[in-house]
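**Student:** If you count by the numbering used here, then the sequence shown holds residues 1 to 70, one letter each, in order. C-beta: ideal position from N, C-alpha, C; glycine also. Structure in structure tokens, see below.
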Amino acid sequence: MENNLSILMGEKKANIADVHKGTGLPRTTISSLYHEENPNPSTKVVMKLCKYFEVTPNDFFGIKGERNYG
Numbered sequence: 001m002e003n004n005l006s007i008l009m010g011e012k013k014a015n016i017a018d019v020h021k022g023t024g025l026p027r028t029t030i031s032s033l034y035h036e037e038n039p040n041p042s043t044k045v046v047m048k049l050c051k052y053f054e055v056t057p058n059d060f061f062g063i064k065g066e067r068n069y070g
């Protein structure tokens, strides 16, 4: 699944080591998300990253607008 981790890291001028320190997530997990090699990150991982970058899951995954399910 596509994500905006590389964009978020660029905006914050953070590298993988910074994100690792700030979230406690393994560097390999962060790297695989950065390179979009992890198609299905866990909710726990996504929420830690969202908290660190102060964004919503929609921001993290680049989901814009509202969907009409009715």
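1. What first and last residue would you give for the alpha helix (DSSP H) that runs through LEU5?
2. Whose C-alpha, out of LYS13, LEU49 and THR43, is nearest the C-alpha of ILE30?
3. Apply the 10 Å Cβ neighbour rule to PRO41 and answer buried if 16 or more other Cβ atoms are within range, or exposed otherwise.
4. So what does DSSP say about LYS64, is it helix, strand or coil?
5. From ILE16 to LYS44, what distance separates their C-alpha atoms?
**Tutor:** On the basis of the data shown:
1. 5–12
2. Of the candidates LYS13, LEU49 and THR43, the one whose C-alpha sits nearest the C-alpha of ILE30 is LEU49.
3. buried
4. In the structure shown, LYS64 falls within a coil segment according to DSSP collapsed to helix, strand and coil.
5. 18 Å
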